[in-house]
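Engineer:
There are 2 protein chains.
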Amino acid sequence: MPVKIEIKKKEKHTRARLGELTTPHGVVETPIFMPVGTQATVKTMTPEEVKQTGGRLILSNTYHLYLRPGHDLIKEAGGLHQFMNWDGPILTDSGGFQVFSLGPLRTITEDGVEFRSHIDGSKHFFTPEKVMEIEQALGADIAMAFDECAPYPCDKEYAVAALERTTRWAERCKKAHTRKDQALFGIVQGGVFTDLRERSARELIALDFPGYGIGGLSVGEPKELMYEVLDNLMPIMPEDKPRYLMGVGSPDCLIEGVVRGIDMFDCVLPTRIARNGTVFTRNGKLTVRNAEYARDFSPMDKHCNCYACQNYSRAYIRHLIKADEILGIRLTTIHNLHFLQDLMENIRQAIREDRLLAYREEFLKVFNAG
Amino acid sequence: MPVKIEIKKKEKHTRARLGELTTPHGVVETPIFMPVGTQATVKTMTPEEVKQTGGRLILSNTYHLYLRPGHDLIKEAGGLHQFMNWDGPILTDSGGFQVFSLGPLRTITEDGVEFRSHIDGSKHFFTPEKVMEIEQALGADIAMAFDECAPYPCDKEYAVAALERTTRWAERCKKAHTRKDQALFGIVQGGVFTDLRERSARELIALDFPGYGIGGLSVGEPKELMYEVLDNLMPIMPEDKPRYLMGVGSPDCLIEGVVRGIDMFDCVLPTRIARNGTVFTRNGKLTVRNAEYARDFSPMDKHCNCYACQNYSRAYIRHLIKADEILGIRLTTIHNLHFLQDLMENIRQAIREDRLLAYREEFLKVFNAG
Chain G
1 MPVKIEIKKK EKHTRARLGE LTTPHGVVET PIFMPVGTQA TVKTMTPEEV
51 KQTGGRLILS NTYHLYLRPG HDLIKEAGGL HQFMNWDGPI LTDSGGFQVF
101 SLGPLRTITE DGVEFRSHID GSKHFFTPEK VMEIEQALGA DIAMAFDECA
151 PYPCDKEYAV AALERTTRWA ERCKKAHTRK DQALFGIVQG GVFTDLRERS
201 ARELIALDFP GYGIGGLSVG EPKELMYEVL DNLMPIMPED KPRYLMGVGS
251 PDCLIEGVVR GIDMFDCVLP TRIARNGTVF TRNGKLTVRN AEYARDFSPM
301 DKHCNCYACQ NYSRAYIRHL IKADEILGIR LTTIHNLHFL QDLMENIRQA
351 IREDRLLAYR EEFLKVFNAG
Chain A
371 MPVKIEIKKK EKHTRARLGE LTTPHGVVET PIFMPVGTQA TVKTMTPEEV
421 KQTGGRLILS NTYHLYLRPG HDLIKEAGGL HQFMNWDGPI LTDSGGFQVF
471 SLGPLRTITE DGVEFRSHID GSKHFFTPEK VMEIEQALGA DIAMAFDECA
521 PYPCDKEYAV AALERTTRWA ERCKKAHTRK DQALFGIVQG GVFTDLRERS
571 ARELIALDFP GYGIGGLSVG EPKELMYEVL DNLMPIMPED KPRYLMGVGS
621 PDCLIEGVVR GIDMFDCVLP TRIARNGTVF TRNGKLTVRN AEYARDFSPM
671 DKHCNCYACQ NYSRAYIRHL IKADEILGIR LTTIHNLHFL QDLMENIRQA
721 IREDRLLAYR EEFLKVFNAG
C-alpha cells in the first residue's frame, strides 16, 4: 500500500483526527492543506518557497498537464516530481471537475467525456482508462479516480445518474490502475442530497480504495448545506482511510471540515486572490492594492512571521501590484499560503489539546470581525 | 565624500582597472554590473535573489519612481533602501534618458523638460533642481545629474547644443545637491563626435564631480563607433574617479568597456530578454521558449551553477513560459543576471592576472560561435 494514514489522536469533542499520511515521497501530518500547482508549478513560487510557507503535499491538475506540456513529455522527464523539481508528495486530480466545468465544450457519455481544449479548441476524449494512463504517466503519489461532478443546483435524478456513473467509472479506474507506487482514491459524489452521498460512499467503500475524495462540494451551494452533507456523510467513512474534501480552502471551511473529520484539503483560493491583491489576515481579508494602503508602512498582517510580512510594507506591496511588478503577487502569494499553513498548524495543535471548538470560536470571532 | 573609488590594480596590457567602490551602503568591487530595478524592484526578483546572482549595487529609475509611487511617498517610507528592502548601495539615474525617449510627449527648454506621463498622460516638468529634489528624496548612494541625451544619429550642431546644456544643467544640479550621504555624478555627452566628447568631459571634470557617467551611447550607433568614442575619451578621464558607462550590458560590450577603462555598467538587457524567454549561455544566446527545446531535459547552460540551471531543465522552463507561468521568467532572469555577474567576476580575475585580452578572445570565440 503506497499511501496510508495512521491516526495519532482523535479530538475529544469533535470528529477531528490528527494523523500521519505516509506516501512514497515522505510522511506528512494531517489535517493538511495542499497548495495547487495547476500547471506543474504553484503559481509564482519555487518549490523551496512552497516548503518555506509550510506546504508539504501539493496538488497538480491532470487536465492541464495532459494538454500542456503533455503527460508523455512529463513521463519522459522522469515524472512530475522530477519535471518540476518537487521532492515531496504530489496528488493529481482526475480532470473530472475541469472537463465538467467546460460546459458547452464537453459531451458526457457512458464511455467518457469528449471535450475541447480551452487553449486551442482541439478535440479530446477522456475515459476512466485514459485518465488512469495519464495519471500513471504523471506519477503522483496519489491519483484521483475519474468522476462525474454534478453541478449545483441540480435535480435529484441528475445527481443519481452522476453518482451511479461515478461508481461505474471508479470500478473501471481501479481495473486500469496498475502502478504500485501510486495510490488511487475514489471520489464520493451525490450533490447536496444526504441519502445520495451515503449511497455513493457505500458503493465506493465496497470497492476498497486506500482513500476517498469528497467531490462536488463548494460548487456554489451555501456553506451550511456543505456542512450538513459532511455531518451526515463523515460517520460512515472508514476510520482508517484518509478523507479529502476537494476544492475547499477558505479559512472557515478548513476549520469546519476538520471538525467534521476531514484530513485533506486543496484550493486555488489563497493563490488566486493573492494575484488579485487580496490577502488573509488574522482580522479578515485585506485588499492591499486599495488606495487606502498607499502610505501604510505596516506589514500586511502584523501577527504574521512570513517572509513578506517580515520584510515589506503594505505601501510597497501595493506599489508593486499597481505597477504590475511580479514581486508584488509573489509576496501576497507567499503570505496567503503561509497564513493557511499556519492556520492548519494551529488546528492540529488544537486537536492535540482537545480544544478545537474553542479555537474555532476564537479564530472566527476575530477573522469575521475584520 | 560619500562615494569614492580605490584602484587596487591596473591591468598591464589594457586600460582596465580593478577597484573598490566605497558607498554609504558598503564597498563593492569594480568593474561592476548593476542590475536595473526600474520601479523599486529588479523585475521578478527579491533582494536576496539579486544578491544570490552576485548583484551588489542596483540601479533604480527616477522618472518611474517620481510618477509612481512618488518620491515623497518613498521619502516618507524612509527612502528607497527601506521602501524596497535593499540594504546594499543604489544608484538612481536622473530621468534624462527616459524623458528624452518620450519623443513627441516632451518639450526641451533651457529651464528643463516638459513631458507627459506614459502612465496617464498627465503633464510634468523636470528641471535640474526638481530632479535633485527627487533624487535626494529617494536617497540612493549615487545620484546622476540631469542631462540632455542626444539621439543617434544627430547632426553635430544638435550634439553641441545638447552637450553645452548638459554642462549648464550639471552646474545647476551641483548647486541644488546638498545631501551629504549621497554622491552626485556628472554625465559626459557629445554623441559620437570624439572632439565633443572630449569637450564635454573637460567641462564636467572642471566641476569636479566624485564620479562620471558616460551617457548617450548604445542608443543605436554601431558598436565600433561606441568603442572608438571610448578609446578617445577614456585617457582624459580622471584616474581617481569611477567611470560609469550608462545603459550598456551585452557580454561583448561589458568586456570591451572594461578593456577601455570603464568601472560601472547597467542595462535592462539581461532581465528584459529573460522575460521574453531568451538566455545567455557560454555558447551564445538561446531562446529557451522555442519548440526545439520542448523535450530537452538538459539545463539552460550546462556550465552554469545558478539556481535555475542546477534544478530545472530547458523543457520545464519552456513549458512554464509557454503556459504563462511566472516561475519561468523568474528562472530565466536569475540565470541571465547570474551569467553577467559571473562574467564580471571572470573579468576581474583576468585583470588580477593581467590576462584580460586573452580572456576576451576565449570568451568571445565560444560565445559568438554559438
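Here the protein sequences line up with chains G and A, keeping their order.
First residue of the first sequence? That's 1 in my numbering, and the numbers climb one at a time after it.
First residue of the second sequence? That's 371 in my numbering, and the numbers climb one at a time after it.
Don't be surprised by glycine CBs; every beta carbon is placed ideally from N, CA and C.
Keep in mind the model is a prediction, meaning the values are calculated, not measured.
#1: Look at the Cβ atom of Q409(A), then the Cβ atom of H434(A), and state whether they are nearer than 8 Å.
#2: Which of the three DSSP states, helix, strand or coil, is assigned to E129(G)?
#3: Can you pull the chain G residues whose beta carbon is under 7 Å from the beta carbon of N455(A), in chain order?
#4: Could you check whether L388(A) and R722(A) sit closer than 8 Å to each other, using their CB atoms as the reference points?
#5: Against F297(G), what residues of chain A qualify as contacts under a CB-to-CB distance less than 7 Å, listed in chain order?
#6: Any beta carbon of chain A sitting closer than 8 Å to that of M144(G)?
#7: Taking Cβ-Cβ distances below 8 Å as the criterion, which residues of the region 391-413 of chain A are in contact with chain G?
#8: Please identify the residue among E573(A), T432(A), G448(A), A553(A) whose C-alpha is closest to the C-alpha of F496(A).
#9: Determine the DSSP secondary structure at D636(A), reduced to helix, strand or coil.
#10: Decide if the region 373-384 of chain A is in contact with the region 293-311 of chain G; the criterion is three or more beta carbon pairs, one per stretch, under 8 Å apart.
#11: Can you give me the Cβ contacts of S117(G) inside the same chain, cut-off strictly under 6 Å, excluding the 5 residues immediately before and after it?
#12: Using beta carbons (cut-off 8 Å, strictly below), is Y686(A) in contact with chain G?
#13: I'd like to know whether the C-beta of E662(A) is nearer than 8 Å to at least one C-beta of chain G.
#14: In the DSSP assignment, the beta strand (DSSP E) including E6(G) goes from what residue to what residue?
#15: On a Cα-Cα basis, can you pick out the residue from N602(A), G491(A), I625(A) that is closest to P474(A)?
#16: Label A145(G) either buried or exposed according to how many other C-beta atoms from any shown protein chain fall within 10 Å of its C-beta, with 16 as the threshold for buried.
#17: What in chain G is Cβ-close to R438(A), meaning under 8 Å?
#18: Kindly indicate the opening and closing residues of the alpha helix (DSSP H) around T703(A).
#19: Quick one: which chain A residues come within Cβ less than 8 Å of I58(G)?
#20: Which residues in the same chain have their Cβ closer than 7 Å to the Cβ of Y293(G), if we skip the five residues on either side of it in sequence?
#21: Are F280(G) and F339(G) close, meaning C-beta to C-beta below 8 Å?
#22: I'd like to know whether the C-beta of L184(G) is nearer than 8 Å to at least one C-beta of chain A.
#23: Any Cβ of chain G within less than 8 Å of the Cβ of M670(A)?
#24: Count the other CB atoms within 10 Å of the CB of M371(A); is the residue buried (16 or more) or exposed (fewer)?
#25: Tell me where the beta strand (DSSP E) around Y582(A) begins and ends.
#26: In terms of residue numbering, what span does the alpha helix (DSSP H) encompassing G556(A) cover?
#27: What would DSSP say about F100(G), mapped onto helix, strand or coil?
#28: Does the region 80-87 of chain G touch the region 143-160 of chain G, meaning 3 or more C-beta pairs lie closer than 8 Å?
#29: Using a Cβ-Cβ cut-off of less than 9 Å, list which residues of the region 133-159 of chain G approach chain A; keep chain order.
#30: Considering only residues of the same chain and omitting the five flanking positions on each side of I329(G), which have a CB-CB separation below 7 Å?
#31: Can you tell me which residues form a DSSP beta bridge with I142(G)?
#32: State the DSSP-derived secondary structure class of M34(G), mapped to helix, strand or coil.
#33: Got a sec, what are the start and stop residues for the beta strand (DSSP E) S430(A) sits in?
#34: Could you give the C-beta distance for T53(G) and Q310(G), rounded to a whole number, given that I count them as a contact under 8 Å?
#35: What are the residues that DSSP puts in a beta bridge with V279(G)?
#36: Applying the 10 Å Cβ sphere with the 16-neighbour rule, what's the burial state of H303(G)?
Structural biologist: So, from the listed chains and residues:
#1: yes
#2: helix
#3: N311, Y312
#4: yes
#5: A447
#6: no
#7: Q409, A410, T411, K413
#8: T432(A)
#9: strand
#10: no
#11: L67
#12: yes
#13: no
#14: 4-10
#15: G491(A)
#16: buried
#17: H319, K322, A323
#18: 696-722
#19: Chain A residues near I58(G): none, gap ~13 Å exceeds 8 Å.
#20: R314, A315, R318
#21: yes
#22: no
#23: no
#24: exposed
#25: 582-584
#26: Taken as a continuous stretch (DSSP letters only), G556(A) belongs to no alpha helix (DSSP H), being part of the beta strand (DSSP E) at 553-558.
#27: helix
#28: no
#29: none
#30: T44, A274, R275, I321
#31: L91(G), A183(G)
#32: strand
#33: 428-430
#34: Rounded, the Cβ-Cβ distance is 13 Å, inconsistent with contact.
#35: L286(G)
#36: exposed
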